[in-house]
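Let me begin by presenting the structure, written as structure tokens, before commenting on it.
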Amino acid sequence: MPALLCCQNKKNETALHIAANEGHAEVVRVLLACVEDHNAKEKLTRMMDASGDTALHKAVRSQHLDVVKLLVKEDSEFEFPPNHAQETPLYLAAESGFHDAWIIILESCKKTTYAAGPSNRTPLHAAVIQKHRGLAGVVSDMLAWKKSLVYLPVNMTGRQQFTLQPVKLT
Numbered sequence: 001m002p003a004l005l006c007c008q009n010k011k012n013e014t015a016l017h018i019a020a021n022e023g024h025a026e027v028v029r030v031l032l033a034c035v036e037d038h039n040a041k042e043k044l045t046r047m048m049d050a051s052g053d054t055a056l057h058k059a060v061r062s063q064h065l066d067v068v069k070l071l072v073k074e075d076s077e078f079e080f081p082p083n084h085a086q087e088t089p090l091y092l093a094a095e096s097g098f099h100d101a102w103i104i105i106l107e108s109c110k111k112t113t114y115a116a117g118p119s120n121r122t123p124l125h126a127a128v129i130q131k132h133r134g135l136a137g138v139v140s141d142m143l144a145w146k147k148s149l150v151y152l153p154v155n156m157t158g159r160q161q162f163t164l165q166p167v168k169l170t
């Protein structure tokens, strides 16, 4: 992999982070095409900036669907874990009402992280709290994908267990 692709600025952002944030889908495509080795490409898409954001976090937060599609397609095995604010790309999509992005993430990512986000909320909680248009569809899509979204992981004596966290729909 060309070393320049992994160079980071003062915020630990790579060129991929910046292109994703700005919605430059063609630049993202070219950057990913420059990396032939699968492991090196995974390394690039999984790099985090100073806030713990991957390029996918940036694309979702900036609502650039074409970039979201490219990044998810490139690394569908990655869990896209939470950033330092405990936000996963799925959580950000649900919270902001970026319906198309969460559908792409839910349908494409084989290991989507749905761990507790800020204030111990799941992506489902975020969608409900924000009261987005089409909320019934959001909840239905999320629960159809994974019913366990209503559960939160709880670490008890080193073992990960799940506990029910009710979602109030009033």
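Everything in the sequence shown is counted per full-length UniProt numbering, starting at 1 for the first residue and increasing by one.
C-beta: ideal position from N, C-alpha, C; glycine also.
Original post:
Anyone know if the C-beta pair for L65 and L31 falls short of 9 angstroms?
Top reply: Taking the first residue of the sequence shown as 1, we reach residue 65 at position 65. Taking the first residue of the sequence shown as 1, we reach residue 31 at position 31. Result no, Cβ atoms of L65 and L31 do not sit closer than 9 angstroms.
**OP:** For my contact list, C34 and S76 are in at a C-beta cut-off of 8 angstroms; report their separation, rounded to the angstrom.
**Re:** Counting from 1 along the sequence shown, the entry for residue 34 is found at position 34. Counting from 1 along the sequence shown, the entry for residue 76 is found at position 76. Not really, about 20 angstroms apart at Cβ, beyond 8 angstroms.
Subject >> Separation of M48 from T14, as counted between CA atoms >> reply: Reading the sequence shown from its first residue, position 14 is the one you call residue 14. Reading the sequence shown from its first residue, position 48 is the one you call residue 48. Going from the Cα of T14 to the Cα of M48 covers about 9 angstroms.
**OP:** Kindly indicate which residue of T88, A20, F78, K58 has the alpha-carbon position closest to the one of N39.
**Re:** As a working mapping, residue 39 is identified with position 39 in the sequence shown. With distances taken between Cα atoms, N39 lies closest to F78.
Original post:
In angstroms, rounded to a whole number, what distance separates the CA positions of T157 and P81?
Top reply: Here residue 157 refers to the residue found at position 157 of the sequence shown. Here residue 81 refers to the residue found at position 81 of the sequence shown. In this predicted model, T157 has a pLDDT of only 48, less than 50, meaning its place in the structure is not dependable; the value taken from the coordinates is given anyway. The alpha-carbon atoms of T157 and P81 are separated by roughly 22 angstroms.
Original post:
So the alpha helix (DSSP H) S108 belongs to, where does it begin and stop?
Top reply: Taking the first residue of the sequence shown as 1, we reach residue 108 at position 108. Note, S108: alpha helix (DSSP H), 99-108.
Subject >> Exposed unless 16 or more other CB atoms sit within 10 angstroms - verdict on D100 >> reply: Working through the sequence shown from its first residue, we reach residue 100 at position 100. By the neighbour-count rule (16 or more Cβ atoms within 10 Å), D100 is not buried but exposed.
Original post:
Near R46, what residues of its chain come up, given a Cβ to Cβ distance below 8 angstroms and the 5 sequence neighbours on each side ignored?
Top reply: In the sequence shown, the residue the question calls residue 46 occupies position 46. Contacts found: T54, D75, F78.
Original post:
For G23, which residues from the same chain have a beta carbon less than 7 angstroms from its beta carbon, with the 5 sequence-adjacent residues on both sides left out?
Top reply: In the sequence shown, residue 23 corresponds to position 23, counting from 1. Result list for G23: S62, H64, V67, in chain order.
Original post:
Within 10 angstroms of its Cβ, does residue 174 collect 16 or more other Cβ (buried), or is it exposed?
Top reply: The structure shown does not extend to residue 174, since the chain spans only 1 to 170, so no value can be given for it.
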